[in-house]
Amino acid sequence: MIIYKTPEEIEIMREAAQIVSRTLGKIAEKIEIGVTPIELDALAEAYIRSQNAIPGFLGLYDFPNTLCISVNEQVVHGIPNIRPLEDGDIISVDCGAIYKGYYGDHAYTFEVGTVAPEIKDLLKVTRECLDIGIAEAKVGNRIGDIGFAIQQHAEKHGYGVVRDLVGHGLGTTMHEEPQVPNYGRRGRGKKIQNGLTIAIEPMINLGTERVVQLDDNWTIVTEDGLASAHFEHDIAVINGKPEVLSTFKYVDDALNNKK
Ligand code: MG
Ligand code: MG
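The sequence shown begins at -10 in this note's numbering and counts up one residue at a time.
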């Protein structure tokens, strides 16, 4: 059952999402060669708690940390470790926060040092996929239209669209109905209605769409070992149109300041 939200609930969700957006901004300031994922995790946890919020992933399904940090061929659900970031890495940072009982869930894939051109292109196209998917989240469309648009754009560039993990409804729990796949067919799936709140999160691979789970029972990696990118926003449908509750503004500002 899809739980549609009232305008008041959406405003709380906007706050939750913005806390995560600012957290990702803090991470963006910090990311450089030599920094370890576990340091980033500690920074995120401290910042989220300073905002009167609770880390959303910590303890969820027994996940051990505040951030999911997935480097290079890792797609999602990586556990922060002590391996220092290296020149040319890409690092997906996925972060959740609970504010007044509502979740924000939001991810960005960062470049470390100088990244190969083909991987830069993967990041650019995956971020475009997110925007293209969001534009489809409007009244008159169905959930399948979101995935269709994302898949078209990714496959046009020869990339693999991950099938095994999907976007989702978001609210007082992290994963609500409906599932929001990054692939699909036009006109299929549930009708999009006002009050729908979803996380749209394309996971796009340089090579095969196929993924496997490591024996830590968390980390998802590409089957062929090629890079994967992941960007995620929280969306509410308001007055028939998608409104992005999260923002990459803080990340973009931090990255521009570093240049
Ligand atoms: Mg996420
Ligand atoms: Mg999510």
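Glycine included, every Cβ here is placed at the ideal spot set by N, Cα and C. These numbers come from a predicted model, not from an experiment.
Check: Can you check which of these residues, 59, 219, 149, is closest to residue 190 by C-alpha distance?; Outcome: 219
Check: Using the beta-carbon count (16 or more within 10 Å), is residue 194 buried or exposed?; Outcome: buried
Check: Is residue 221 near ligand 1 - that is, is its Cβ less than 7 Å away from at least one heavy atom of it?; Outcome: yes
Check: Can you give the Cα-Cα distance for residue 61 and residue 151, rounded to whole angstroms?; Outcome: 15 Å
Check: Less than 8 Å between the beta carbons of residue 114 and residue 143, yes or no?; Outcome: yes
Check: At what residue ranges does the segment 114 to 182 contain a whole run of the beta strand (DSSP E), taking only runs of 3 or more?; Outcome: 156 to 158, 165 to 169
Check: Closer than 7 Å to a non-hydrogen atom of ligand 2 - does that hold for the CB of residue 188?; Outcome: yes
Check: Among the residues of its own chain, which have a CB less than 7 Å from the CB of residue 148, if the five just before and after it don't count?; Outcome: 111, 114, 193, 194, 195
Check: For the alpha helix (DSSP H) that residue 13 lies in, which residues bound it at each end?; Outcome: -4 to 19
Check: Leaving out five residues on either side along the sequence, give the residues of the same chain with a beta carbon under 7 Å from the beta carbon of residue 1.; Outcome: 88, 89, 91
Check: Flag residue 76 as yes when its Cβ comes closer than 7 Å to any non-hydrogen atom of ligand 1, and as no otherwise.; Outcome: no
Check: Do you know offhand how far residue 106's Cα is from residue 66's?; Outcome: 25 Å
Check: Work out the CA separation of residue 241 and residue 22 for me, nearest whole Å.; Outcome: 19 Å
Check: My understanding is that residue 132 touches residue 167, with C-beta atoms under 8 Å, so please give their C-beta distance in whole angstroms.; Outcome: 5 Å
Check: Would the C-beta of residue 160 count as close to ligand 2, meaning under 7 Å from any of its heavy atoms?; Outcome: no
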